[in-house]
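Colleague: Heads up: the sequence shown begins at 838 in my numbering, then just goes up one per residue. Cβ atoms here follow ideal geometry from the backbone N, Cα and C, with glycine treated the same way.
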Amino acid sequence: MTTQQKKSSTRQGFKTGESIVYPAHGVGQIVAIEEQEVAGMKLELFVIDFEKDKMRLKVPVAKAVSIGMRKLSETDFVERALKVVQGKARVKRTMWSRRAQEYDAKINSGDLISIAEVVRDLYRAENQPEQSYSERQLYEAALDRMAREIAAVNKMSETEAVRLVETNLAKGPKRGKAIDEDESQDEAA
């Protein structure tokens, strides 16, 4: 198995140094495009670093698009995702194990809107009942994925991106103090 590093680096519309979204792992950065010989065949591979997870992944260039690897979302798409988290949570009346599988599939789809739906559906405000451990884990995974992409698109820190998502969550129906204050003013009128 031999490896050659390529300097010129644009394949399938992706180039080295570019941040991308890989469905199962979130935001990563293409650090190189290598040619590797595997079982007598030469393969071109994207070398992707996921800094937060301390992980490096090699993806065949030919399969990158078919497995769902994509460029970062545009800012208007991020705005749409933030509008989704402001919406009313949709909680299905199915068994938790079934819902958990659906949420996990949405998180690993790599689609920002699907991830935003999971964040919205699993969010619990301070005045709401506690989440189960598995609910909390899924919520945090979705929030982390969403925040990482928003941070990369808007060139901000992940902490700022989490704050931005949580601010938008608080704007949703019957969530947070701003809504409660509006309701009490309506009742007083």
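Out of curiosity, what's the CA-to-CA distance linking ILE1016 and ARG936?
Modeller: Residue 1016 sits at position 179 when you count from the first residue of the sequence shown. Residue 936 sits at position 99 when you count from the first residue of the sequence shown. A caution first: ILE1016 carries a pLDDT of 38, below 50, which makes its placement in the model unreliable, though a value can still be read off. If I take the Cα positions, the gap works out to 28 angstroms.
Colleague: Assuming GLU986 and LEU882 form a contact by the criterion Cβ under 8 angstroms, report the distance between their Cβ atoms to the nearest whole angstrom.
Modeller: Mapped onto the sequence shown, residue 986 falls at position 149. Mapped onto the sequence shown, residue 882 falls at position 45. Not really, about 23 angstroms apart at Cβ, beyond 8 angstroms.
Colleague: Excluding the 5 residues flanking ALA984 on each side, which residues of the same chain have their C-beta closer than 7 angstroms to its C-beta?
Modeller: Start at 1 with the first residue of the sequence shown, and residue 984 comes out as number 147. Result list for ALA984: GLU995, ALA998, VAL999, VAL1002, in chain order.
Colleague: Candidates ASN945, ALA988, SER934: which alpha carbon is nearest SER969's?
Modeller: For the purposes of this step, residue 969 is identified with residue 132 of the sequence shown, where counting begins at 1. Comparing Cα positions, the closest option is SER934.
Colleague: GLU855 by DSSP, collapsed to three states: which one?
Modeller: Residue 855 sits at position 18 when you count from the first residue of the sequence shown. DSSP places GLU855 in coil when its eight states are reduced to three.
Colleague: For the pair the stretch 904-920 and the stretch 856-870, tell me if three or more CB-CB distances fall below 8 angstroms.
Modeller: Cβ pair count under 8 angstroms is three or more, so yes.
Colleague: Could you tell me whether the Cβ atoms of VAL922 and LEU975 are closer together than 8 angstroms?
Modeller: For the purposes of this step, residue 922 is taken as the residue at position 85 of the sequence shown. For the purposes of this step, residue 975 is taken as the residue at position 138 of the sequence shown. Not in contact: VAL922 and LEU975 (Cβ atoms no closer than 8 angstroms).
Colleague: For ARG930, does the three-state DSSP call read helix, strand or coil?
Modeller: For this step, residue 930 is matched to residue 93 along the sequence shown. DSSP places ARG930 in coil when its eight states are reduced to three.
Colleague: Between PRO1010 and VAL875, what straight-line distance do the alpha-carbon atoms span, to the nearest angstrom?
Modeller: Locating residue 1010 in the sequence shown gives position 173, counting from the first residue. Locating residue 875 in the sequence shown gives position 38, counting from the first residue. Taking the straight line joining both Cα atoms gives about 54 angstroms.
Colleague: Around the Cβ of GLY877, are there at least 16 other Cβ atoms within 10 angstroms (buried) or fewer (exposed)?
Modeller: The residue you call residue 877 lines up with position 40 of the sequence shown. It is exposed - the Cβ of GLY877 has fewer than 16 other Cβ atoms within 10 Å.
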